[in-house]
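Novice: Before I ask anything, here is the structure I am working with.
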Amino acid sequence: MEVAQRLNGRRVAVLAADGFEKVELTIPVAALRAAGAAVDTVSLRRGRIRGVNLHEPASRVRVDRLLSEISQDDYDALLIPGGFINPDLLRQSAEARQFVRQFDASGKPIATLCHGPWLLASAGLTAGRRMTSWPGVRDDMVNAGATWMDQAVVQDGNWLTSRGPQDMVPFVRALLPFFSGQAQTAERLPSADGSSPQRDAPPPLVLDTMRWLPRPSLRTVAVLGVLAALYMAKEGRPRAAPGRS
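Here the sequence shown is numbered in my numbering, starting from 207 and rising by one per residue.
What follows is the structure, encoded as structure tokens:
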């Protein structure tokens, strides 16, 4: 397999935090490993981070490296999965923003989908780029200076972006040759005349799925209640005045 031969020896970082959309991490990672790449899950904390299916908790994945322990020189390519929570946590991390800035400056390939481009926007990288994302954050990308295209997959120089799980097949099909090194010589595509318009309605598949998902268990409600109480108690503690022990 030609792609597998090209990916042998290539190291891929998957930058993710708790709340990553499960299929957006596990399916590309399985494809990359099957094609011969060495893949590390990189995160903000040690242990195992929790995936989600939409808003429902899903299985965890093991963190291989802390973000604080690596540099862009350790990897040949970067994958940023989406989900509602994961990229929101990452975009608030100064370390994550700096890491993607350095990775982009190196010219190495970056692939992201769904809400993952939030991190690129918060890192100040999207101005002048041609890209896509989850349609619900189309305005975020446009306001951050990007030309947003309502397409399954968009490549612009060293970036490959996709809309989300509904485009997983074309995304993975494009991801393998993209990470094989072709992006090193790919030219930046010219910006389109304008962004694709806003959607008129959210995807019916998501609305139908949310409708039929089960209610949270009593155990989940109890755990969330305890965590909320602990957080409020911590925030309510009086803080020492500056300069006092």
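In this text, a Cβ means the ideal position worked out from N, Cα and C, and glycines have one as well.
Is Gln278 helix, strand or coil when you go by DSSP?
Specialist: Here residue 278 refers to the residue found at position 72 of the sequence shown. If DSSP states are grouped into helix, strand and coil, Gln278 belongs with the helices.
Novice: Between the region 308-317 and the region 354-366, do at least 3 Cβ pairs fall closer than 8 Å?
Specialist: The answer is yes - the region 354-366 touches the region 308-317, with three or more Cβ pairs under 8 Å.
Novice: By the three-class DSSP mapping on this structure, what secondary structure does Phe226 have?
Specialist: On the sequence shown, residue 226 is found 20 positions in, with the first residue counted as 1. It is a strand residue.
Novice: When the Cα of Leu296 is compared with those of Ala352, Val220, Arg212, which residue comes out closest?
Specialist: Looking up residue 296 in the sequence shown gives position 90. Of Ala352, Val220, Arg212, the residue nearest in Cα terms is Val220.
Novice: Using the beta-carbon count (16 or more within 10 Å), is Thr391 buried or exposed?
Specialist: The residue you call residue 391 lines up with position 185 of the sequence shown. Here the model assigns Thr391 a pLDDT of 45, short of 50, so the residue's position is not dependable and the matter cannot be decided.
Novice: Mapping the DSSP letters down to three states, classify Ala407 as helix, strand or coil.
Specialist: Against the sequence shown, residue 407 aligns to sequence position 201. Reduced to three states, the DSSP call for Ala407 is coil.
Novice: Applying the 10 Å Cβ sphere with the 16-neighbour rule, what's the burial state of Arg336?
Specialist: Position 130 of the sequence shown, counted from the start, is the residue given in the question as residue 336. Flag for Arg336 reads buried.
Novice: Going by DSSP, what residue range makes up the alpha helix (DSSP H) through Ser328?
Specialist: Within the sequence shown, residue 328 is the residue found at index 122, counting from 1. Taken as a continuous stretch (DSSP letters only), the alpha helix (DSSP H) holding Ser328 covers 323-328.
Novice: CB-CB under 6 Å to Pro341, same chain, minus the five flanking residues each way: which ones, in chain order?
Specialist: The residue you call residue 341 lines up with position 135 of the sequence shown. Within the same chain, Pro341 has close Cβ partners Arg405.
Novice: Can you list, in chain order, the residues of its chain with a C-beta nearer than 8 Å to that of Leu331? Leave out the 5 residues immediately preceding and following it.
Specialist: Against the sequence shown, residue 331 aligns to sequence position 125. Answer for Leu331: Val306, Arg307, Asp310, listed in chain order.
Novice: Hey, could you find the ends of the beta strand (DSSP E) Val258 is sitting in?
Specialist: Counted from its first residue, the sequence shown places residue 258 at position 52. Run containing Val258: 254-259, per the beta strand (DSSP E) assignment.
Novice: As a quick exercise: from Pro263, Leu326, Thr353, Ser274, pick the residue whose alpha carbon is nearest that of Arg251.
Specialist: For the purposes of this step, residue 251 is identified with residue 45 of the sequence shown, where counting begins at 1. Of the listed residues, the one whose Cα sits closest to Arg251 is Ser274.
Novice: Taking all protein chains shown into account, do 16 or more other C-beta atoms lie within 10 angstroms of the C-beta of Leu272, making it buried, or fewer, making it exposed?
Specialist: For the purposes of this step, residue 272 is taken as residue 66 along the sequence shown, with counting starting at 1. It counts as exposed.
Novice: Roughly how many angstroms lie between the CA atoms of Val218 and Gly387, to the nearest whole one?
Specialist: The residue labelled residue 218 in the question sits at position 12 within the sequence shown. The residue labelled residue 387 in the question sits at position 181 within the sequence shown. Cα-Cα distance, rounded: 12 Å.
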